[in-house]
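These notes concern the structure reproduced below.
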Amino acid sequence: MDISSTTPRFVRTIDVAGAPNGLAVAEDTHRLYAGLIGGSVAVIDTDESSPKFMQMIDRVTVDSLAADLLDYSAQKQRVYVATGQSGEVVGIDTTTNQVKERLAAKVPVEQPRFNPSDGLVYAASTETDSVVQINPASGKVTNTFKVAGCHPAGLAINPNRQLALITCSGSVALINLRNGAHEVTRAVTGGDIVSYNARADRFLVASPHDKSDSAVAVFYGDGQLLGTVAASPKTHAAAWDQEHGLVYAVSAAGLVSFTPAACEPPPDWLKLVAGGSIYLMPFFAFGTFLFWYARRRAGRRSEQPARPTWHQLQEEDLAAEQERMRELEDGIFGPQLNQGMRPEP
Numbered sequence: 650m651d652i653s654s655t656t657p658r659f660v661r662t663i664d665v666a667g668a669p670n671g672l673a674v675a676e677d678t679h680r681l682y683a684g685l686i687g688g689s690v691a692v693i694d695t696d697e698s699s700p701k702f703m704q705m706i707d708r709v710t711v712d713s714l715a716a717d718l719l720d721y722s723a724q725k726q727r728v729y730v731a732t733g734q735s736g737e738v739v740g741i742d743t744t745t746n747q748v749k750e751r752l753a754a755k756v757p758v759e760q761p762r763f764n765p766s767d768g769l770v771y772a773a774s775t776e777t778d779s780v781v782q783i784n785p786a787s788g789k790v791t792n793t794f795k796v797a798g799c800h801p802a803g804l805a806i807n808p809n810r811q812l813a814l815i816t817c818s819g820s821v822a823l824i825n826l827r828n829g830a831h832e833v834t835r836a837v838t839g840g841d842i843v844s845y846n847a848r849a850d851r852f853l854v855a856s857p858h859d860k861s862d863s864a865v866a867v868f869y870g871d872g873q874l875l876g877t878v879a880a881s882p883k884t885h886a887a888a889w890d891q892e893h894g895l896v897y898a899v900s901a902a903g904l905v906s907f908t909p910a911a912c913e914p915p916p917d918w919l920k921l922v923a924g925g926s927i928y929l930m931p932f933f934a935f936g937t938f939l940f941w942y943a944r945r946r947a948g949r950r951s952e953q954p955a956r957p958t959w960h961q962l963q964e965e966d967l968a969a970e971q972e973r974m975r976e977l978e979d980g981i982f983g984p985q986l987n988q989g990m991r992p993e994p
């Protein structure tokens, strides 16, 4: 897939003569490694200037059964390969594509990870509910982190914080690699592949289930959940596109992408307003009713004729009183005559 723009474009498929499991990219040497069922690792040339660009150029046998999930360390120039039931993590020298180490986990292993902070290799073991720590120098297990009932599959490490995030069968667990303390959250109901991006300081968890609850979850670098985006049952892994700040995941319909901000929760002030609105709504409704009632009363008053003022009423009373006094005088003295008029004889 070409992701040089924000719209992915299908380019080609690569024949590796086998069913692939895990992938690892060695950007510094322009190589792509794919673990295959049958126990070998395909080496693919990703150098655009090479005549064998996007072709398998080598095949490294690591086990008689399977080469499962992989991890690449530019610091050690190694691809670490989990062999599943064989109980080994095999180290391939990427400068020669030769097997250099066989690290005996002595338990079935899933996802291996190299930790550049302590120089050790970690691997998830589903059958033993644990993550094993192996010293590449001695090839021996130096510690085991048990998470009861977890059945871990995916594993990723934040080396700066010495934290490992693992996917369990029905939850996600965070392990402190310094002291072995761990905590489990069911905010995400388990998952498959986990990855960590140091530049973004984020974990990605692919959580494939059924059509209604499959998701890709994004965790902060300290292991706290940022949010989730709905996915399909085919979404077993997710990957970062650092150039465009996007997350890609394979689904039943093809390749889907989203920005981590899409699953970010609303700010605290908005949640406070939303929560407080439950209590403020009755007061708002009551205030609206009072405003409407006052407007209606004012409208009715404006339709009625204007009432006389107190001063007008006072003048009307005075005029009425004067008229009454004139009538009284006329009754006693007779009607007054105007000048020039004579009374009748």
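Counting with the working numbering, you get residues 650 to 994 for the letters of the sequence shown. Glycine included, every Cβ here is placed at the ideal spot set by N, Cα and C. From a predicted model like this one, the values you see are computed outputs, not experimental measurements.
Minimum C-alpha distance to residue i - residue among the options
| i | options | result |
| --- | --- | --- |
| Gly-894 | Ser-722, Ser-906 and Ala-901 | Ser-906 |
| Asn-828 | Pro-785, Lys-795, Val-690 and Leu-714 | Lys-795 |
| Ala-666 | His-885, Asp-862 and Asp-707 | Asp-707 |
| Asp-712 | Leu-752, Gly-768 and Ala-969 | Leu-752 |
| Gly-788 | Glu-776, Val-770 and Ser-653 | Val-770 |
| Gly-870 | Ala-886, Asp-859, Asn-825 and Ala-864 | Asn-825 |
| Ile-806 | Ala-969, Ser-863 and Phe-763 | Phe-763 |
| Val-692 | Asp-720, Glu-976 and Tyr-682 | Tyr-682 |
| Asp-767 | Asn-746, Ser-774 and Pro-808 | Pro-808 |
| Tyr-845 | Gly-872, Glu-964, Gly-819 and Ser-861 | Gly-872 |
| Ser-774 | Gly-733, Ala-786, Thr-744 and Pro-765 | Gly-733 |
| Ser-653 | Thr-937, Thr-744 and Gln-891 | Gln-891 |
Close beta carbons around residue i, own chain, < 7 angstroms, minus the five adjacent residues each side
| i | result |
| --- | --- |
| Thr-816 | Pro-801, Ala-802, Gly-803, Gly-839, Gly-840, Asp-841, Val-843 and Val-854 |
| Asp-696 | His-679 and Phe-702 |
| Lys-883 | Pro-857, Val-899, Ser-900 and Ala-901 |
| Ile-981 | none |
| His-885 | Asp-841, Ile-842, Ala-855 and Pro-857 |
| Glu-776 | Val-756 and Pro-757 |
| Ser-735 | Asp-712 and Leu-714 |
| Val-709 | Ser-689, Val-690, Val-692, Ile-741, Asn-746 and Val-748 |
| Asp-720 | Ala-673, Tyr-729, Pro-761, Arg-762 and Phe-763 |
| Leu-904 | Met-650, Pro-657 and Tyr-897 |
| Glu-976 | none |
Expected contact under 8 angstroms - CB spacing of residue i and residue j to nearest Å
| i | j | result |
| --- | --- | --- |
| Ser-856 | Val-878 | In fact, because the Cβ distance is near 10 angstroms, the residues do not count as touching under 8 angstroms. |
| Ala-772 | Ala-731 | 6 angstroms |
| Ala-822 | Val-833 | 5 angstroms |
| Arg-851 | Pro-909 | 6 angstroms |
| Leu-718 | Asn-670 | 6 angstroms |
| Ala-673 | Leu-685 | That pair is no contact at about 13 angstroms. |
| Val-865 | Ala-887 | 5 angstroms |
Cβ neighbours of residue i in the same chain (closer than 6 angstroms, five flanking residues each side left out)
| i | result |
| --- | --- |
| Ala-723 | Asp-677 |
| Leu-874 | Ala-836 and Phe-868 |
| Thr-793 | Ser-779 and Val-781 |
| Asp-651 | Arg-658 and Val-660 |
| Cys-799 | Asp-778, Cys-817 and Ala-822 |
| Thr-655 | His-893 |
| Val-790 | Val-781 and Ile-783 |
With 16 other Cβ atoms within 10 Å as the buried cut-off, status of residue i
| i | result |
| --- | --- |
| Glu-759 | buried |
| Leu-814 | buried |
| Ser-881 | buried |
| Leu-939 | exposed |
| His-831 | buried |
| Glu-737 | buried |
| Leu-812 | buried |
| Asp-859 | exposed |
| Trp-918 | A caution first: Trp-918 carries a pLDDT of 49, below 50, which makes its placement in the model unreliable, though a value can still be read off. Answer is exposed; the Cβ neighbour count stays below 16. |
| Ala-968 | exposed |
| Asp-966 | exposed |
| Ala-934 | exposed |
| Ala-786 | exposed |
| Ala-754 | buried |
| Ser-698 | exposed |
| Ala-943 | exposed |
| Ser-861 | exposed |
| Ser-863 | buried |
Three-state class that DSSP yields for residue i in the structure shown
| i | result |
| --- | --- |
| Asp-696 | coil |
| Met-705 | strand |
| Ala-969 | helix |
| His-960 | helix |
| Gly-733 | strand |
| Ala-855 | strand |
| Leu-939 | helix |
| Arg-835 | coil |
| Arg-658 | strand |
| Ile-981 | helix |
| Ala-866 | strand |
| Pro-757 | coil |
| Trp-918 | Here Trp-918 scores only 49 on pLDDT, less than 50, and its place in the model should not be relied on; the value that follows carries that caveat. Correct three-state label for Trp-918: helix. |
Own chain residues within Cβ distance below 8 angstroms of residue i, not counting five before or after
| i | result |
| --- | --- |
| Gly-749 | Here residue 749 turns out to be Lys, not Gly, going by the sequence shown. Once the five neighbours on either side are set aside, the close Cβ partners of Lys-749 are Arg-727, Gly-740, Ile-741 and Asp-742. |
| Ala-797 | Asp-778 |
| Asp-664 | Met-705 |
Below-8 angstroms beta-carbon distance, residue i vs any chain B residue
| i | result |
| --- | --- |
| Glu-972 | Judged by its chain identifiers, the structure shown contains no chain B, having just a single protein chain. |
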